[in-house]
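Student: Next up is a structure, given as structure tokens.
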């Protein structure tokens, strides 16, 4: 759970965590970006 501790909020970017796990021994998080499809891996 995110908790803001100091300073003012900057930006306006958020992600949604869809899942997590391990694939071939590599841990991962699956997240959806709030900007658009042009950012991040597809």
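In full-length UniProt numbering, the protein residues as written are 1 to 42. For each residue, glycine too, the CB sits at the ideal point set by N, CA and C.
Taking the alpha carbon of residue 36 as the point to measure from, which residue in 16, 7, 6 has its own alpha carbon closest?
Tutor: Ranking 16, 7, 6 by Cα distance to residue 36 puts 16 first.
Student: Just grab the DSSP bridge partners of residue 32 for me.
Tutor: Beta-bridge pairing links residue 32 to 16.
Student: Would you kindly check if the distance between the Cβ of residue 33 and the Cβ of residue 4 is under 9 Å?
Tutor: Their beta carbons are not under 9 Å apart, which means residue 4 does not touch residue 33 by this criterion.
Student: Quickly, what does DSSP pair residue 23 with across the bridge? List them, please.
Tutor: 26, per the DSSP bridge assignment.
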